[in-house]
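Enquirer: Let me give you the structure first, and then I'll get to my questions.
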């Protein structure tokens, strides 16, 4: 434990000189497109965030929570049987073993500490799969703060266990019945509430939204790649993999996974986005594959939209990946070719989930199963001695109702 989160401080911009600028742009993507009523709120947030990035006291409190409350470091597990199946060396970054069952708690705790420093007492959040909602409700319970979580009614129904957890933790869950009743609509409603209550603190759960949120969420999630570096060094004698893989919806677990490797050209970075029923089916959330540039939820990025600029409703079997946009950093990384992105259809994700369960005894979240499905997409490029790291961003407890519908034996 002594060699991990207790003494790390390498939190520079992950994209170097060509990355984020002072206005929050990653190349053509990013920025802060916000209503005037939120301008002062966001400016104060930026000032507070940049102040804590090099604050030793803040870091000490944050890392103490990650170690003693979350249970970090999360293991980097060599998946022996999965490796034999694909003829290479596959390691799983086990974010599913964190307290609350996903990577979301890393960011929620960082932002809740920032909120307390700013004197905030009411916290709002949006959630799709419910893991960010649970993480935020958990952080608020820990700190004794009011918590309101906006969640699409469709997601309330298909992620009911997480809804009950949030309520047990003391949060108010607001079902949203506009649009498609999913993550986009929950985010819309959270922003509307924020405009009417600008003194509350909005904990955004992914690398989306107005600057500084994409940068801030990546910053708090970067503990993932930070740990991967020393864990690989300890286990295989070098601190970088040949392949790094994660799923992207808004992009928080992926950014945390990639953060410290973005400028390392030895590492091939591959992302999985939600193909749904297929990218040409009209039932998809494959934003990078079919999206065009537009503005949504405070930033300029790639969006699923029609020729009139109206958002196209996304679809995925995964409640955490059916977002019609992508974090601006991920849009930038895909555009410049730093990341390769594959759309993973529902059936491919389910097959990958059942394969991991059968071979390794690990039931992943459906979101994470999209990343695992990348193995079949790129297996022909693997060499026997390659090192492949895949982030298992969450555990599958929340998705059992969905799995039971498709598992052929039940």
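Numbering (the working numbering), first residue to last: 84 to 493.
C-beta: ideal position from N, C-alpha, C; glycine also.
(1) Where does residue 209 fall in DSSP's three states?
(2) Taking 6 Å as the limit between beta carbons, can you name the residues of its chain near residue 245, skipping five residues before and five after?
(3) To the nearest angstrom, how far is it from the Cα of residue 484 to the Cα of residue 105?
(4) Do you know whose CA, among 126, 438, 112, lies nearest residue 118's CA?
(5) What are the complete beta strand (DSSP E) segments, minimum 3 residues, inside the stretch 215–283?
(6) If you drop the 5 nearest sequence neighbours on each side, which residues of the same chain put their C-beta closer than 8 Å to that of residue 181?
(7) Measuring only the C-alpha atoms, how far is residue 344 from residue 252?
(8) If you run the structure through DSSP and keep just helix, strand and coil, what is residue 327?
(9) Under three-state DSSP, which class holds residue 204?
(10) Taking the continuous beta strand (DSSP E) assigned at residue 160, which residues delimit it?
(11) Assign residue 304 to buried or exposed, taking buried as 16 or more other Cβ atoms, counted over all protein chains shown, within 10 Å of its Cβ.
(12) Return the first residue and the last residue of the beta strand (DSSP E) that residue 336 is part of.
(13) Label residue 421 either buried or exposed according to how many other C-beta atoms from any shown protein chain fall within 10 Å of its C-beta, with 16 as the threshold for buried.
(14) Contact defined as beta carbons within less than 8 Å: I believe residue 410 pairs with residue 334. What is the distance between those atoms, to the nearest angstrom?
(15) With a CB to CB cut of under 7 Å and the five nearest residues on each side skipped, what residues in its chain are close to residue 417?
(16) Tell me the rounded alpha-carbon separation between residue 326 and residue 450.
(17) Nearest by alpha-carbon distance to residue 368: which of 318, 408, 134, 346 is it?
Expert: On the basis of the coordinates in this document:
(1) Along the chain shown, one-based indexing puts residue 209 at 126. Here residue 209 sits in strand by DSSP.
(2) Here residue 245 is taken as the residue at index 162 of the chain shown, counted from 1. 213, 217, 481.
(3) Here residue 484 is taken as the residue at index 401 of the chain shown, counted from 1. Here residue 105 is taken as the residue at index 22 of the chain shown, counted from 1. Between residue 484 and residue 105, the C-alpha separation is close to 45 Å.
(4) For the purposes of this step, residue 118 is taken as residue 35 along the chain shown, with counting starting at 1. The residue with the shortest Cα to Cα distance from residue 118 is 126.
(5) Qualifying beta strand (DSSP E) stretches, in chain order: 229–235, 255–259.
(6) As a first step, residue 181 must be located in the chain shown, where it is residue number 98. Correct list, in chain order: 153, 154, 155, 157, 188, 189.
(7) Translated into positions along the chain shown, residue 344 becomes position 261. Translated into positions along the chain shown, residue 252 becomes position 169. Distance between the alpha carbons of residue 344 and residue 252: 36 Å.
(8) Within the chain shown, numbered from 1, the residue matching residue 327 stands at position 244. Note: residue 327 maps to strand in three-state DSSP.
(9) The residue labelled residue 204 in the question sits at position 121 within the chain shown. Secondary structure of residue 204 (DSSP, three-state): coil.
(10) One-based indexing of the chain shown puts residue 160 at position 77. Unbroken beta strand (DSSP E) run through residue 160: 159–161.
(11) Looking up residue 304 in the chain shown gives position 221. By the 10 Å Cβ count, residue 304 comes out buried.
(12) For the purposes of this step, residue 336 is taken as the residue at position 253 of the chain shown. Element bounds for residue 336: not the beta strand (DSSP E) but the alpha helix (DSSP H), 335–341.
(13) As a working note, residue 421 is residue 338 in the chain shown. With 16 or more other Cβ atoms within 10 Å, it is buried.
(14) Here residue 410 is taken as the residue at index 327 of the chain shown, counted from 1. Here residue 334 is taken as the residue at index 251 of the chain shown, counted from 1. Right, their Cβ atoms sit about 4 Å apart.
(15) Taking the chain shown and counting its residues from 1, one reaches residue 417 at position 334. Around residue 417: 371, 424.
(16) Taking the first residue of the chain shown as position 1, residue 326 is located at position 243. Taking the first residue of the chain shown as position 1, residue 450 is located at position 367. When rounded, the distance between both Cα atoms is 19 Å.
(17) Looking up residue 368 in the chain shown gives position 285. Ranked by Cα distance from residue 368, the options 318, 408, 134, 346 are led by 408.
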